[in-house]
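A short worksheet on the structure shown next.
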Amino acid sequence: MQRRVGILADDLTGALDTAAAFTDPAHPIEVVWGDRPPSMSSGFAIDSGTRQAPVAEAEARVVKLLPYLLDRELPYKKIDSLMRGNTLAEIAACGASRRFATIVVAPAFPAQNRITRGGRQSEGTPDGWRPVDAPIGERLAARSMPSRLVPRGNRPSGGGVLVCDAESEADLMSIAAFGPELDQPILWCGSAGLARALSQPHDPTMPLSGPTVLALIGSRHPASLAQLDRLARELPEAVVLLRDVERPDIAVEAIAAALGEGRRGALAFQLPTMASEDAEAMFRAVFARLVKSIPPPDLLVISGGDTLARLAAAVEATRIQTIGEWMPGIAVSRFPDGKWRGTRILSKSGAFGDERLLVNALGLMQGRRGQ
């Protein structure tokens, strides 16, 4: 039976990849955003949309949404494994609410090369581990939130804010086992890595197949750009770059042709720097034209939470159902309503995945099983 989990995330792909750890096709988890309330009868995830919001707005939004988690068997605050956005402000806001006796902070995600060592988050690079910021405890203290560091292998008791070191899946499993020894209720704060350790065991690898696949790459993170570069070298006929802000229709026509001829295509947004409202208008216009120009694909591959949120609006989807994982951090979901109802979605943070990820994803339409 699915655990009654409640997840609060700051962006859409984060909500999906964390929910994916707790679900399977027979027990989907609904992900909602905006002002839509979640279904309280089973597991759910909420995208607060606060990754890029002003700090005060993010804090207020989290405090407003936090009550949805209170009756959950497992309340979970999804945080970014690179500590981006308003991560520390949102954790502090959860603590200041005094709704939880214990807050476990464990953002490590070893499967995606993110670890926590000495209370400091680090990212794996070719030259070794690179700290992404100051120690988490110091940053929380600056927000008047005291915390305790839990080194690897230690088993804490009591309550308060616990910042946990983790460098392996085994470390995360150990943290997940802390629960009975800690003051209740507990708010678990982590990435999809901790969520996977807390979830009941199931086979996350899902077979995906079908005639057509469309990839949309809106993220500018170096990881996504490396994946796009590799895709362009191996499948150049499938890649369409949108660079001309004056003629986005040309790119849409090209991707429609690629899908019609090869049944797979990737539309990558490589726009010049522009004001956020101008970029938003550009995405809206492109997606509106795209939805009119092509039939719903069997599989949609999305890089970047904002990209998925904009497309969801274009297809008039009011929610997304997460049904599993393709690999750690890569969720498999579907649109249950809207113009692309039934389309499956492979979504990822722009920062996730090795350089072959898009190549492998577009190869799924040959019926290969995700590895």
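Numbering (numbering that gives the first Met the number 0), first residue to last: 0 to 370.
Ideal placement from N, C-alpha and C gives every residue a C-beta, glycine not left out.
All figures in this text were calculated on a predicted structure; none of them were measured in a lab.
### Anticipated Cβ contact below 8 Å, valine 238 with valine 162, distance rounded
In fact, because the Cβ distance is near 42 Å, the residues do not count as touching under 8 Å.
### Query
With 16 as the cutoff for other CB atoms within 10 Å, does glycine 366 come out buried or exposed?
Annotation note: pLDDT 40 at glycine 366 (below 50); position unreliable, coordinate value reported separately. Counting Cβ neighbours within 10 Å, glycine 366 comes out exposed, since fewer than 16 surround it.
### Query
Is leucine 69 helix, strand or coil when you go by DSSP?
Assigned with DSSP and collapsed to three states, leucine 69 falls in coil, not helix or strand.
### Message
Among the candidates Gly264, Glu324, Pro184 and Gly84, whose CA atom is the shortest distance from the CA of valine 358?
### Response
Taking each of Gly264, Glu324, Pro184 and Gly84 in turn and checking the Cα distance to valine 358, the smallest one comes out for Gly264.
#### Entry: Of the listed residues Ile329, Gly337, Ala176 and Gly304, nearest to alanine 316 (C-alpha basis)
That would be Gly337, whose Cα lies nearest to the Cα of alanine 316.
### Those residues which DSSP pairs with valine 31 across a bridge
Bridge partners of valine 31: Ile45.
### Task
Confirm, please, whether the CB-CB distance from leucine 307 to threonine 12 is below 8 Å.
Result yes, Cβ atoms of threonine 12 and leucine 307 sit closer than 8 Å.
### Query
In terms of DSSP beta bridges, what is glutamate 425 paired with?
Only positions 0 to 370 of the chain appear in the structure, and residue 425 is not among them; the question remains open.
### Task
Say whether the stretch 253 to 261 touches the stretch 174 to 186, bearing in mind that this needs 3 or more beta-carbon pairs closer than 8 Å, one atom from each stretch.
No, the stretch 253 to 261 does not touch the stretch 174 to 186.
### Task
May I ask you to report which of helix, strand or coil DSSP gives isoleucine 293?
Reduced to three states, the DSSP call for isoleucine 293 is coil.
### Integer-rounded CB distance, given that phenylalanine 108 should sit under 8 Å from alanine 191
That belief holds up - the Cβ atoms of alanine 191 and phenylalanine 108 are roughly 6 Å apart, short of 8 Å.
#### Entry: Rounded C-alpha distance that separates leucine 266 from proline 335
Rounded to the nearest angstrom, the two C-alpha atoms are 23 Å apart.
### Query
What is the DSSP secondary structure of valine 314, counted as helix, strand or coil?
Valine 314 falls in the coil class under three-state DSSP.
### Message
Is it buried or exposed, proline 36, if we count other Cβ atoms within 10 angstroms and call 16 or more buried?
### Response
With fewer than 16 other Cβ atoms inside 10 Å of its own Cβ, proline 36 counts as exposed.
### Task
Would you kindly work out how many angstroms separate the C-alpha atoms of isoleucine 216 and lysine 291, rounded to a whole number?
Whole-angstrom Cα-Cα distance: 19 Å.
### Message
Alpha carbons only, please: which of Ile102, Ala194 and Trp128 is nearest the one belonging to glycine 158?
### Response
From the listed residues Ile102, Ala194 and Trp128, the smallest Cα separation to glycine 158 is found for Ile102.
### Query
Taking three-plus beta-carbon pairs below 8 Å as touching, is the stretch 344 to 352 in contact with the stretch 47 to 61?
With fewer than three CB-CB distances shorter than 8 Å, the stretch 344 to 352 does not count as touching the stretch 47 to 61.
### Query
Just checking, does the stretch 90 to 101 make contact with the stretch 118 to 133 on the three C-beta pairs under 8 Å criterion?
With the cut-off at 8 Å, the stretch 90 to 101 and the stretch 118 to 133 do not touch.
### Query
Under a three-way DSSP split, which group does alanine 267 fall into?
If DSSP states are grouped into helix, strand and coil, alanine 267 belongs with the strands.
### Task
Would you kindly check if the distance between the Cβ of leucine 7 and the Cβ of leucine 65 is under 8 Å?
Yes, the Cβ-Cβ distance between leucine 65 and leucine 7 is below 8 Å.
### Message
Tell me the DSSP secondary structure of leucine 193 in three-state form.
### Response
Helix at leucine 193.
### Message
Quick check on valine 131: does DSSP put it in helix, strand or coil?
### Response
Here valine 131 sits in coil by DSSP.
### Query
Are the beta-carbon atoms of serine 156 and glutamate 180 separated by less than 8 Å?
Yes; because the gap between Cβ atoms is below 8 Å, this pair is in contact.
### Contact check, glycine 323 vs proline 74, beta carbons under 8 Å
Their beta carbons are not under 8 Å apart, which means glycine 323 does not touch proline 74 by this criterion.
### Task
For the alpha helix (DSSP H) holding valine 162, just list the boundary residues, first then last.
It is not in any alpha helix (DSSP H) - valine 162 instead sits in the beta strand (DSSP E) that spans 159 to 163.
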